[in-house]
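Novice: First the structure, which I've put down as structure tokens, then a few questions once you've had a look.
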Amino acid sequence: MTGADPRDRGGPQQPLLIVDGLKKYFPLRNALGTVSAHVQAVDGIGFSIAKGETLGVVGESGCGKSTTARLLMQLIEPDAGSFVLDGDPVGRGGVTVRELRRQVQMVFQDSYASLNPRHTAAQEIAFGLRVIGKDTATAEAEARQTLRMVGLDPDLYAGRYPHEMSGGQRQRVNIARGIALNPRLLILDEAVSALDKSVQAQVLNLLDDLKQRLNLTYLFISHDLNVVHYVSDRVLVMYLGKIVEVGPVDRIWREAAHPYTRALFSSRLSMNPALRVAAPPLSGDPPNPVRPPSGCRFRTRCTLAEDVCAASEPALIPSPLDAAHAVACHIARAGSGHSLAGALANAA
Ligand SMILES: Nc1ncnc2c1ncn2[C@@H]1O[C@H](COP(=O)(O)OP(=O)(O)O)[C@@H](O)[C@H]1O
Ligand SMILES: [Mg+2]
Numbered sequence: 000m001t002g003a004d005p006r007d008r009g010g011p012q013q014p015l016l017i018v019d020g021l022k023k024y025f026p027l028r029n030a031l032g033t034v035s036a037h038v039q040a041v042d043g044i045g046f047s048i049a050k051g052e053t054l055g056v057v058g059e060s061g062c063g064k065s066t067t068a069r070l071l072m073q074l075i076e077p078d079a080g081s082f083v084l085d086g087d088p089v090g091r092g093g094v095t096v097r098e099l100r101r102q103v104q105m106v107f108q109d110s111y112a113s114l115n116p117r118h119t120a121a122q123e124i125a126f127g128l129r130v131i132g133k134d135t136a137t138a139e140a141e142a143r144q145t146l147r148m149v150g151l152d153p154d155l156y157a158g159r160y161p162h163e164m165s166g167g168q169r170q171r172v173n174i175a176r177g178i179a180l181n182p183r184l185l186i187l188d189e190a191v192s193a194l195d196k197s198v199q200a201q202v203l204n205l206l207d208d209l210k211q212r213l214n215l216t217y218l219f220i221s222h223d224l225n226v227v228h229y230v231s232d233r234v235l236v237m238y239l240g241k242i243v244e245v246g247p248v249d250r251i252w253r254e255a256a257h258p259y260t261r262a263l264f265s266s267r268l269s270m271n272p273a274l275r276v277a278a279p280p281l282s283g284d285p286p287n288p289v290r291p292p293s294g295c296r297f298r299t300r301c302t303l304a305e306d307v308c309a310a311s312e313p314a315l316i317p318s319p320l321d322a323a324h325a326v327a328c329h330i331a332r333a334g335s336g337h338s339l340a341g342a343l344a345n346a347a
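Heads up: the sequence shown begins at 0 in numbering that gives the first Met the number 0, then just goes up one per residue.
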């Protein structure tokens, strides 16, 4: 089916989605109801998602992963940022936000909370189809067909309510609800995180199968690094509302360049002596996103931080060794003023 998708206007090299300067600050109100400060949840991030790829997103809790997902879904309005969908700018005379929203669907972690307890599996899926204008009979027929696609026999499961299904089955219904609307991009926000390992493996296999059959592209958000390694083609690492590193999954796993990525992975890497890196594990919690540190936001937890790290914010720039691998760290850029910058450039 790949390549035959009539919606593929820009060709295989044109990213499905390009995001630039995406920003979301949540206002915090004091007791009097006036805005006293802002949570800098997502602060000027840019990235692209290639057609057919799985882009993994990792980072500690609170770093802005779900906010990014909700911004892409157009569930919340960005304070700033532009979207390009398959080569066409979104808004301002280009593709409409509504069109973008139709092409993106999302599956959340909590399969129970995401489903209406008074809807059967078939009703839940049919509901979304009716919203987009399909008549009841068509919506029901398509709902049954979609249940079969996610491995649930409609004769057994169409009439079941959420409480009559297991966590894995409910998550299959959530996936069915998403794919029934024929999206191009499916955002999976901790979608398998609550499942037992064996069920998780089955759902990951299902997702892989659906991706091929339906020509899908995935944005896969998870705090589980092993799962992200298993499913992703590329990985994007977030810290306190910023992207600190992005690149092909094997490169990030073998040669993570950002001290944050290395710290995040250090406990897991130490399992394999051949891959052991000299990075201290992460200690403490991320700083308050209402008042993030100046310069590099990771500097307050970084053992390699120097004056330049507080003075200026490192840009996310491609590695001279691999243009697909970008890092936002003064150490990774020769001439940045960091004492290790030259050393690393020479080693390269
Ligand atoms: N609706 C909201 N109002 C205020 N703050 C929010 C809201 N949603 C998220 N945040 C804050 O934005 C930051 C990023 O949250 P989130 O995107 O959920 O992170 P993650 O998914 O990586 O755990 C956190 O500090 C969180 O508390
Ligand atoms: Mg989240």
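Backbone N, C-alpha and C define an ideal beta-carbon position, used for all residues, glycine too.
1) Please classify residue 245 as buried or exposed, where buried requires at least 16 neighbouring CB atoms within 10 angstroms.
2) Taking 8 Å as the cut-off, decide whether the C-beta atoms of residue 62 and residue 285 are in contact.
3) Whole beta strand (DSSP E) runs in the stretch 27 to 114 with 3 or more residues, listed along the chain?
4) Select from 53, 201, 299 the residue whose C-alpha is nearest the C-alpha of residue 283.
5) Specify, as a first and last residue, the run of the beta strand (DSSP E) that residue 130 falls within.
6) I'd like to know whether the C-beta of residue 53 is nearer than 8 Å to at least one C-beta of chain D.
7) Give the secondary structure of residue 163 by DSSP, where H, G and I count as helix, E and B as strand, and everything else as coil.
8) Using DSSP with H/G/I as helix, E/B as strand and the rest coil, what is residue 244?
9) Between the stretch 315 to 327 and the stretch 240 to 255, do three or more beta carbon pairs fall short of 8 Å?
10) Just the Cα atoms here: how many angstroms apart are residue 220 and residue 336?
11) For residue 148 and residue 198, I'd like the C-alpha separation in whole angstroms.
12) Sorted by chain position, which residues of the same chain lie with C-beta nearer than 7 Å to residue 227's C-beta, five sequence neighbours on each side aside?
13) Taking buried to mean at least 16 other C-beta atoms within 10 Å of its own C-beta, is residue 65 buried or exposed?
14) Taking the straight line between their C-alpha atoms, what separation do you get for residue 334 and residue 131?
15) Helix, strand or coil: how does DSSP classify residue 117 here?
16) So the candidates are 185, 34, 158, 163; which of them puts its Cα closest to the Cα of residue 69?
17) Would you give the residue range spanned by the beta strand (DSSP E) that residue 143 belongs to?
18) Using the DSSP secondary-structure output, state which residues sit across from residue 233 in a beta bridge.
19) Tell me whether residue 59 counts as near ligand 2, meaning its Cβ is closer than 7 Å to at least one heavy atom of that ligand.
20) Taking Cβ positions, are residue 109 and residue 193 nearer each other than 8 Å?
21) Quick check: does the Cβ of residue 64 come within less than 7 Å of any heavy atom belonging to ligand 1?
22) Could you have a look at residue 269 and say whether DSSP puts it in helix, strand or coil?
23) Note the first and the last residue of the continuous beta strand (DSSP E) segment covering residue 306.
24) For residue 340 and residue 257, I'd like the C-alpha separation in whole angstroms.
25) Among residues of its own chain, excluding the 5 on either side of residue 262, which ones have a beta-carbon nearer than 7 Å to its beta-carbon?
26) Going by DSSP, what residue range makes up the beta strand (DSSP E) through residue 348?
27) Could you check which residue in 28, 6, 44, 36 has the C-alpha nearest to that of residue 19?
28) How many Å lie between residue 215 and residue 250 at the Cα?
29) Measure the C-alpha to C-alpha separation of residue 289 and residue 28 and round it to an integer number of angstroms.
30) Out of curiosity, what's the CA-to-CA distance linking residue 332 and residue 84?
Specialist: Reading from the atomic positions:
1) That one is buried.
2) Yes; because the gap between Cβ atoms is below 8 Å, this pair is in contact.
3) Counting only runs of 3 or more, we get 34 to 48, 53 to 57, 79 to 84, 103 to 106.
4) The candidate whose alpha carbon is nearest that of residue 283 is 299.
5) No beta strand (DSSP E) holds residue 130; the alpha helix (DSSP H) holding it covers 120 to 130.
6) This model lacks chain D altogether; it includes just one protein chain.
7) Helix.
8) Here residue 244 carries a strand assignment [DSSP, helix/strand/coil].
9) Enough Cβ pairs lie closer than 8 Å, so yes.
10) Rounded to the nearest angstrom, the two C-alpha atoms are 34 Å apart.
11) Going by the C-alpha atoms only, they are around 17 Å apart.
12) So the list reads 55, 57, 219, 221, 234, once near-sequence residues are dropped.
13) Under this definition residue 65 is a buried residue.
14) About 54 Å.
15) If DSSP states are grouped into helix, strand and coil, residue 117 belongs with coil.
16) The candidate whose alpha carbon is nearest that of residue 69 is 185.
17) Premise fails: residue 143 lies in the alpha helix (DSSP H), 135 to 148, not in any beta strand (DSSP E).
18) In the DSSP output, where bridge partners are listed per residue, residue 233 has 54, 247.
19) Result no, Cβ not under 7 Å from ligand 2.
20) For residue 109 and residue 193, yes; Cβs fall inside 8 Å.
21) Because some heavy atom of ligand 1 lies under 7 Å away, the Cβ of residue 64 counts as near it: yes.
22) Interpretation of residue 269 is limited by its pLDDT of 49, a score under 50 that renders its predicted location unreliable; the figure taken from the coordinates is listed afterwards. In this structure, residue 269 counts as coil in the three-state DSSP scheme.
23) Element bounds for residue 306: not the beta strand (DSSP E) but the alpha helix (DSSP H), 306 to 310.
24) When only Cα atoms are considered, residue 340 and residue 257 end up about 12 Å apart.
25) The residues are 278, 279, 280, 281.
26) Within the shown structure, residues of the chain are numbered from 0 to 347, placing residue 348 beyond reach of any answer.
27) Among 28, 6, 44, 36, the Cα nearest to that of residue 19 belongs to 44.
28) Using only the alpha carbons, I get a separation of about 24 Å.
29) In this structure, the alpha-carbon of residue 289 lies about 12 Å from that of residue 28.
30) Whole-angstrom Cα-Cα distance: 31 Å.
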